[in-house]
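Chemist: Starting off with a structure, shown below.
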Amino acid sequence: MDFGCCSAAQDRVVEDDSGDLPNSMISYSDSLGSFDCQANTLSVDYRNVTPLFRALEQEDWKAVLVFLATGRWSSSPLSSAYDYLHDPSPERQARTWVHCTGSKGETQWKQLPLHAAISYLAPLPVVQKLVEFYGDALRSADDTGNLPLHLAFGFGSSDSIVAYLIKEYPQALSIKGLQNRRPVDCCDLGPNKLRGEIIRACQEHTRSSMMKDWDQHWKKSLHDAKQRAGLLDQFSANSQTLEEVFNELVQVKIELKKTQELAKSRPTMIITKTEPVPDEKVPRSLGKAPSEMSRMVSFSKRLKPKAILRSIRSSQSSTVAPSSSGK
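In this note's numbering, the protein residues as written are 301 to 627.
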């Protein structure tokens with residue numbers, strides 16, 4: 301990654317996260333600039349870069365480790381006293397953003413010391429110390445949208461550093477950076493492409509295994525539910541697929557709902573007491589009882605033809621009253 305180097309022709313500029321100069325500042329020296337000791341994060345122009353960031357670019361890992369451990373850049377007592385009075389603490393420099401601006405004031409790139417350390421393949425102790433001083437750096441994306449884990453995969457960091465970054469912030473594995481790449485996808489751009497292929501193969505196997513386990517779990521759950529509902533016997537359960545079982549349950553639910561709606565829509569029968577109607581006003585279809593002839597005709601449908609004729613004749617003769625019997 302090209303960090304670039306601008307001409308050191310202007311004083312150090314320090315801003316807070318809002319882009320404005322902080323109200324309360326403590327100035328350590330004119331050459332090193334000013335730092336806001338109250339803000340959680342700082343920002344400094346690359347033309348007056350922090351000593352920590354400069355040492356990371358120079359890959360002076362021994363000096364970086366000494367500074368992060370003691371806050372001093374030299375073992376000399378005089379130098380240590382000067383550093384203590386003039387340099388911001390390791391904690392402050394670890395959380396300081398370094399940005400480079402173009403001729404029109406646009407930001408060309410912006411990084412934290414952790415981004416630079418991973419880009420220059422710093423050893424694990426340096427990375428651990430920077431994370432210890434500023435843990436939010438793991439969740440901070442540079443100007444391209446890449447997290448430290450993206451850079452670790454892209455620049456081919458050691459397995460120990462990759463494992464450490466994942467352990468401290470595992471959610472980074474699913475976060476997309478530049479060009480919608482996840483951290484593992486950045487392996488394709490770096491020196492260790494095989495690492496990306498191995499990780500993706502493991503992820504695919506894990507995903508397939510989880511889907512298979514979930515499918516079996518749902519099949520068993522639906523099978524148990526159907527058995528409890530009496531919809532499926534033990535022998536036919538094993539031959540039906542998950543989709544068939546699910547569709548059958550849905551159909552049963554639909555039929556049950558229709559039955560309930562039909563029961564609700566039926567009107568309630570109300571029985572009221574009415575006065576009897578005179579016989580002469582009752583329509584024939586609403587008579588109290590069918591005549592003997594109609595009863596016999598109805599019954600005759602179940603008899604043989606000769607029997608039907610005899611039954612009709614006998615019924616006709618019985619209905620004719622003798623003319624002389626009443627006298």
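Note that the Cβ used here is the ideal one computed from N, Cα and C, for glycine as well.
(1) Specify the secondary structure class of D629 as computed by DSSP and reduced to three states.
(2) Would T350 be called buried (16 or more neighbouring beta carbons within 10 Å of its own) or exposed?
(3) Return yes when the Cβ of V344 is within less than 7 Å of the Cβ of V398, no when it is not.
(4) Suppose the cutoff is 7 Å on Cβ atoms and the five residues either side in sequence are ignored; what does the same chain contact list for F455 look like?
(5) Hey, how far is the Cα of S380 from the Cα of V462?
(6) Is DSSP giving W514 helix, strand or coil here?
(7) Would you say P390 and L365 are within 7 Å of each other, going by their C-beta atoms?
(8) Roughly how many angstroms lie between the CA atoms of N492 and A355, to the nearest whole one?
(9) Whose CA, out of E357, L352, E359 and Q358, lies closest to the CA of W373?
(10) Taking the alpha carbon of G496 as the point to measure from, which residue in M510, D459, M511 and K512 has its own alpha carbon closest?
(11) May I ask which residues mark the beginning and end of the alpha helix (DSSP H) holding K429?
(12) Nearest CA to the CA of R347: which residue from T407, Q560, L556 and R392?
(13) Which word fits P483, buried or exposed, when buried means at least 16 other C-beta atoms lie within 10 angstroms of its C-beta?
(14) Rounded to the nearest angstrom, what separates I466 and D443 at their Cα positions?
(15) On the DSSP letters alone, give me the boundaries of the alpha helix (DSSP H) that V462 sits inside.
(16) Would you grab the beta carbon distance between L342 and T396 for me? Rounded to a whole angstrom, and I think it's under 8 Å.
(17) Would you report the Cα separation of T506 and A525, rounded to the nearest angstrom?
(18) Would DSSP call D485 helix, strand or coil?
(19) Using the C-alpha atoms, what's the distance from W514 back to T401?
(20) Which of the three DSSP states, helix, strand or coil, is assigned to T350?
(21) Round the Cβ separation of F433 and C486 to the nearest angstrom and send it over; I've been treating them as touching at under 8 Å.
(22) What would DSSP say about D345, mapped onto helix, strand or coil?
(23) Short check: CB of L414 to CB of P448, under 7 Å?
(24) Could you pull out every residue in the same chain whose Cβ sits closer than 6 Å to the Cβ of S307, ignoring the five residues on either side in sequence?
Modeler: From the atom records:
(1) Lying outside 301 to 627, the shown extent of the chain, residue 629 is not represented and no answer is given.
(2) If you number the sequence shown from 1, residue 350 lands on position 50. Counting Cβ neighbours within 10 Å, T350 comes out buried, since at least 16 surround it.
(3) Here residue 398 refers to the residue found at position 98 of the sequence shown. Here residue 344 refers to the residue found at position 44 of the sequence shown. For V398 and V344, yes; Cβs fall inside 7 Å.
(4) As a first step, residue 455 is located in the sequence shown; it is residue number 155 there, counting from the start. Same-chain partners within the cutoff: I418, S419, L421 and G490.
(5) Taking the first residue of the sequence shown as 1, we reach residue 380 at position 80. Taking the first residue of the sequence shown as 1, we reach residue 462 at position 162. With a pLDDT of 48 at S380, under the threshold of 50, the predicted position of this residue should be treated as unreliable, though the coordinate-derived value follows. Going by C-alpha positions, S380 is about 34 Å away from V462.
(6) As a first step, residue 514 is located in the sequence shown; it is residue number 214 there, counting from the start. Per DSSP, reduced to three states, the secondary structure at W514 is helical.
(7) Numbered from its first residue, the sequence shown carries residue 390 at position 90. Numbered from its first residue, the sequence shown carries residue 365 at position 65. Cβ atoms of P390 and L365: not closer than 7 Å.
(8) Residue mapping note: residue 492 aligns to position 192 of the sequence shown, counting from 1. Residue mapping note: residue 355 aligns to position 55 of the sequence shown, counting from 1. Taking the straight line joining both Cα atoms gives about 26 Å.
(9) To locate residue 373, count along the sequence shown from 1; it is residue 73. Comparing Cα positions, the closest option is L352.
(10) If you number the sequence shown from 1, residue 496 lands on position 196. G496 has its Cα closest to that of D459, out of M510, D459, M511 and K512.
(11) Within the sequence shown, numbered from 1, the residue matching residue 429 stands at position 129. It spans L424 to F433 - the alpha helix (DSSP H) in which K429 sits, taken as one unbroken run.
(12) Within the sequence shown, numbered from 1, the residue matching residue 347 stands at position 47. Among T407, Q560, L556 and R392, the Cα nearest to that of R347 belongs to T407.
(13) The residue you call residue 483 lines up with position 183 of the sequence shown. In this structure P483 is buried. Its beta-carbon is surrounded by 16 or more other beta-carbon atoms within 10 angstroms.
(14) Position 166 of the sequence shown holds residue 466. Position 143 of the sequence shown holds residue 443. In a straight line, the C-alpha of I466 is about 21 Å away from that of D443.
(15) By 1-based counting over the sequence shown, the position of residue 462 is 162. Start and end: D459 to E468.
(16) Within the sequence shown, numbered from 1, the residue matching residue 342 stands at position 42. Within the sequence shown, numbered from 1, the residue matching residue 396 stands at position 96. Sure, about 4 Å apart at Cβ, within 8 Å.
(17) For the purposes of this step, residue 506 is taken as the residue at position 206 of the sequence shown. For the purposes of this step, residue 525 is taken as the residue at position 225 of the sequence shown. The alpha-carbon atoms of T506 and A525 are separated by roughly 28 Å.
(18) If you number the sequence shown from 1, residue 485 lands on position 185. In the structure shown, D485 sits in a helix (DSSP, three-state: H, G or I).
(19) As a first step, residue 401 is located in the sequence shown; it is residue number 101 there, counting from the start. As a first step, residue 514 is located in the sequence shown; it is residue number 214 there, counting from the start. Roughly 52 Å between the two C-alpha positions.
(20) The count along the sequence shown starts at 1 and reaches residue 350 at position 50. Of the three classes helix, strand and coil, the one that applies to T350 here is coil, per DSSP.
(21) Counted from its first residue, the sequence shown places residue 433 at position 133. Counted from its first residue, the sequence shown places residue 486 at position 186. The Cβ separation is near 25 Å, so there is no contact.
(22) Residue mapping note: residue 345 aligns to position 45 of the sequence shown, counting from 1. Strand at D345.
(23) Reading the sequence shown from its first residue, position 114 is the one you call residue 414. Reading the sequence shown from its first residue, position 148 is the one you call residue 448. A contact, by the Cβ cut-off of 7 Å.
(24) Indexing the sequence shown from 1 puts residue 307 at position 7. In this predicted model, S307 has a pLDDT of only 32, less than 50, meaning its place in the structure is not dependable; the value taken from the coordinates is given anyway. Nothing meets the Cβ criterion.
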